[in-house]
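**Q** Residue numbers are given in the UniProt record's numbering: position 118 of the sequence shown equals residue 134, and the series is strictly consecutive.
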Amino acid sequence: HAKFPAVPQDFQSKVPPYAKLLKNLAQVKQITNDAPLTLAEKILYSHLCDPKESIVSSNLHDIRGLQYLKLNPDRVAMQDASAQMAMLQFMTTGLPQTAVPASIHCDHLIVGKRGEARDLVAAISTNKEVFDFLQSCGKKYGIQFWGPGSGIIHQIVLENFSAPGLMMLGTDSHTPNAGGLGAIAIGVGGADAVDALTGTPWELKAPKILGVKLTGHLGGWSSPKDVITKLAGLLTVRGGTGYIVEYFGEGVSSLSCTGMATICNMGAEIGATTSTFPYQEAHRLYLQATGRSVLAEHADIALNQFGFLRADPEAQYDKVIEINLSELEPNVNGPFTPDLCTPISQFGETSLKEKWPQKISAGLIGSCTNSSYQDMTRAADLVRQASKAGLKPRIPFFVTPGSEQIRATLERDGLIKTFTDNGAIVLANACGPCIGQWDREDIPKSSKETNSIFTSFNRNFRARNDGNRDTMNFLTSPEIVTAMIYSSDAQFNPVTDSIKLDNGETFKFNPPSGQDLPTAGFEHGREEFYPAADPKPQPDVEVKVSPSSDRLQLLEPFPAWNGKELKTNVLLKVEGKCTTDHISAAGVWLKYKGHLENISYNTLIGAQNKETGEVNKAYDLDSSPFDIPGLMIKWKQEGRPWTVVAEHNYGEGSAREHAALSPRFLGGQIILVKSFARIHETNLKKQGMLPLTFADETDYDKIGSGDVLETVDLADMIAKDGDNGGNLDIRITKPSGEAFIVKAKHSMSKDQIEFFKAGSAINYIGNMSRN
Ligand code: F3S
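Here it is in structure tokens:
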């Protein structure tokens, strides 16, 4: 029965609906006989569409990892690369506006080279069509549009939208960054974002909860980045899969809000669904500093109801890991995987043993992971110390501010000048080198010589930053990156070692010092980078997509099921591992994310043909050879639907929705495999495909390309199957005329059967909204 103070009209979309959430939570508490809940459970379960439907037991272990939850997220954020397909799909529903507040952020398409002024002009001209499209979608549907140069999606979300107890979806894997401010924020594909944008319940299997207990106190050279790089080292890149990571313990109070965001951001690197922190004094201060005192007042009240914004004292975690912050030393993670963790004190020795380059070639700080005021003041402190001793950087040094607000504040407080006076290039407020948008001048892409860079980013897969597979990216804190540019020697440990000066003396850094928040408050910056506060939908706005564009293409709804059996030919039998990278390659294809036809030329080009051992080769019924998408296109033109047969864990890797959209677009109807990766299986269902698994996996051996594969009594299955999937017989007819039945299984829920009938989840949503 809490009373919340009134919120000004144009601020309402920024305050979670606490009264409603608390009401839901009260119901959950009643069903569970007041069982102690973790913070993650409180936030998730308070967003259930109907707590009675999902909370089936008072024993929470009957729910975690087992029960599907139907949730109502509060907000959606989309970055420019993935927003294109999300918007194209949303448009097909015919809805006039989004059901929840949403924002689009132009950050992924800006190439970093010479610095903000020149790079931004170039990016706007190269990507004008995409930016104009997204802007017109924003206007038409009432979505806040943050244009190129305004900042990186996760930094802007933290500064403006994240809130304790909020639940949001974002079309980017580092969306969990918002958990630094006590939210549950989950990275998803465009079709999932459309669920939330249309007000359709969003389904998630209840995650298990991994508790990370922080003890001690962070200080000296150690930083929040070292908490997560240490955890990645302990858990590996798969250790967080199926879990929400929830931090607790007295060590939390030594972290800033932005430091907590850094930790949550890189939870993506251990495969966690998301990460979150309990509401703290640091959150209150950050909300006040970013102009959201009203929200802090609401959060204070919500905290006092069932301790909403913190875990219950007796809450049970599925697993607990303890990290003592007082013993934490700076880590350097990499190369090529974010879980290869080396403490800085051992880096020199390990680098010799592993034959990593001894000369570091560049240092880069910023990105969505580490561009806070705290990060930058600590880095600038080291630059000032070095400069006072007469030192100059020995290698190129790049700084990427996370948002216009951060950049303007750094400029006002003299930090930008400190960086540029000491040789740094300040890039646009965008992803830049973090997502491969780095036109690197010192080392060409084609160079076969290994080089190493130190960055404060979050990912370090091969070729991620400069397109060069031989660049080793070592992930570390901005402080360590900054110190290393003055030595460029892998043997240098700034915590203990000195640098020799030209005059024969030596210089040793003092531990960096900085400020969590600017004393004079944040500076707003240039007005042109800000959108309207609370945009209203403008139905008359025309969304611009040129029919001759090679980057954008309007989507045609996929056809609904005609009520008959599916009769297909087997186009390909895939051998071995087939990830979403094999099904829908990235790299150069990213350019076509908004053009389904053009990106579909990459479909399954990485797959290996079981019958011939060849990659990207399939054979027509008369044995003529084709590349795989080539044969799909031919069969589509001939009106010949097809099936792909494959082995285990088909579609593992990512939530990349083009891996389901493209096969459907090219005439695929059935994917029959030994087993699926769950997210990809869901994506196939969302696009109206029929994903089936062999009841007896040895039947895989009996099927060959060119065979006719037909369903038997599909209508019966559709009519009777409920939420736990069911069985389906498949008739196989060989080119010789021999025919036999193979038993298959499906895992469609009632809702997913409706997607299949309608032709796709988006068609279904569109039909519902029209009726
Ligand atoms: Fe952008 Fe890199 Fe973050 S791509 S969203 S800065 S992880």
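Beta carbons are placed, not taken as given, at the ideal position from N, Cα and C, and that holds for glycine.
Looking only at DSSP bridge pairs, what is L380 linked to?
**A** L380 pairs with F414 and T471.
**Q** Kindly identify the DSSP beta-bridge partner or partners of M392.
**A** M392 is not bridged to any residue.
**Q** Can you check the stretch 164-249 for any beta strand (DSSP E) of at least 3 residues that lies completely inside it and give the ranges in chain order?
**A** 183-186, 200-203, 218-221 and 224-231
**Q** In the DSSP assignment, find the unbroken alpha helix (DSSP H) run with residue 791 in it and report its ends.
**A** Since the first and last residues shown for the chain are 17 and 787, residue 791 lies out of range.
**Q** Provide the residue(s) that pair with residue 11 in DSSP beta bridges, ordered along the chain.
**A** Since the first residue shown for the chain is 17 and the last is 787, residue 11 is missing from the structure and cannot be characterised.
**Q** If you measure from the CB of C447, is any heavy atom of the ligand F3S nearer than 8 Å?
**A** C447 has its CB nearer than 8 Å to a heavy atom of the ligand F3S.
**Q** I'd like to check one pair, P217 with T290: are the Cβ atoms closer than 9 Å?
**A** no
**Q** For A536, which residues from the same chain have a beta carbon less than 8 Å from its beta carbon, with the 5 sequence-adjacent residues on both sides left out?
**A** R428 and D429
**Q** When DSSP labels each residue in this structure, what does D334 get in the three-state scheme?
**A** coil
**Q** Where the beta carbon is closer than 7 Å to any heavy atom of the ligand F3S, which residues qualify, in chain order?
**A** Q95, D123, H124, I168, I169, H170, D188, H190, S383, C384, T385, C447, C450, I451, F473, N474 and R475
**Q** Distance, Cα to Cα, M94 vs D566?
**A** Counting only the Cα atoms, D566 lies some 22 Å from M94.
**Q** Select from V253, A288 and P294 the residue whose C-alpha is nearest the C-alpha of S269.
**A** P294
**Q** Looking at the structure shown, is G128 part of a helix, part of a strand, or coil, going by DSSP?
**A** strand
**Q** Using the three-state DSSP reduction, which class does I111 fall into: helix, strand or coil?
**A** A small fix is needed here, since residue 111 is Leu in this sequence, not Ile. DSSP places L111 in coil when its eight states are reduced to three.
**Q** What does a CB cutoff of less than 8 Å around K86 pick up in its chain, not counting 5 residues either side in sequence?
**A** If we look at K86 and ignore the five residues flanking it on each side, its Cβ neighbours are L64, C65, D66, E69, S70, P217, W218 and E219.
**Q** If you follow the beta strand (DSSP E) that P707 is in, where does it begin and where does it stop?
**A** L706 to F710
**Q** If contacts are defined as beta-carbon pairs under 8 Å, then S600 and L682 qualify, I think. What distance do you get, rounded to the angstrom?
**A** Wrong, their Cβ atoms sit about 12 Å apart, outside the cutoff.
**Q** Can you tell me the Cβ-Cβ gap for G198 and T292, rounded? I've got them flagged as a contact below 8 Å.
**A** 6 Å
**Q** Any idea if I757 is buried or exposed, counting beta-carbon neighbours within 10 angstroms, 16 or more meaning buried?
**A** exposed
**Q** Would you check if the stretch 570-587 and the stretch 118-128 touch, i.e. whether three or more CB-CB distances between them fall below 8 Å?
**A** no
**Q** Identify, in the order they occur along the chain, each residue of the same chain with its Cβ nearer than 6 Å to the Cβ of Q703, setting aside the five sequence neighbours on each side.
**A** Answer for Q703: A676, L677, R680 and S776, listed in chain order.
**Q** Just the Cα atoms here: how many angstroms apart are E663 and L620?
**A** 14 Å
**Q** Please determine, among K155, P494 and I244, the residue with the shortest C-alpha to C-alpha distance to E338.
**A** Closest option to E338, Cα to Cα, is I244.
**Q** Measure the C-alpha to C-alpha separation of K560 and G167 and round it to an integer number of angstroms.
**A** Just so you know, the alpha carbons of K560 and G167 end up roughly 24 Å apart.
**Q** Would you check whether the ligand NAP has a heavy atom nearer than 8 Å to the C-beta of D50?
**A** Because the ligand NAP does not appear in the structure shown, any question about it cannot be addressed here, the ligands present being the ligand F3S.
**Q** Between V497 and H540, what straight-line distance do the alpha-carbon atoms span, to the nearest angstrom?
**A** 28 Å
**Q** Per DSSP, which one or two residues make a beta bridge with Q95?
**A** H121
**Q** What is the rounded straight-line gap between the Cα of K22 and the Cα of M183?
**A** A small correction: the amino acid at residue 22 is Ala; Lys does not occupy that position in the sequence shown. Whole-angstrom Cα-Cα distance: 21 Å.
**Q** How far does the beta strand (DSSP E) with H598 in it extend, from its first residue to its last?
**A** From DSSP, H598 is part of no beta strand (DSSP E) but of the alpha helix (DSSP H) over T596 to I599.
**Q** Quick test of the definition: if touching needs 3 or more C-beta pairs under 8 Å, does the stretch 161-179 touch the stretch 632-650?
**A** Taking a cut-off of 8 Å on C-beta distances, the stretch 161-179 does not touch the stretch 632-650, as fewer than three cross pairs fall below it.
**Q** Of all the options C280, G128, G452 and K229, which has the alpha carbon lying nearest to the alpha carbon of L341?
**A** K229
**Q** With a threshold of 6 Å on Cβ separation, who are the neighbours of S152 within its own chain once the five nearest residues in sequence on each side are excluded?
**A** V557, V559 and K560
**Q** Distance check for S387 and S529, CA to CA, integer angstroms please.
**A** 15 Å
**Q** Which term fits residue 789, buried or exposed, when burial requires 16 or more other beta carbons within 10 angstroms of its beta carbon?
**A** Summary: the structure shown does not reach residue 789, with the chain confined to residues 17 through 787, and so no result is reported for it.
**Q** Below 8 Å on the Cβ atoms is my contact criterion, and I expect G181 with Y34 to pass it. Report the Cβ-Cβ distance as a whole number of Å.
**A** 7 Å
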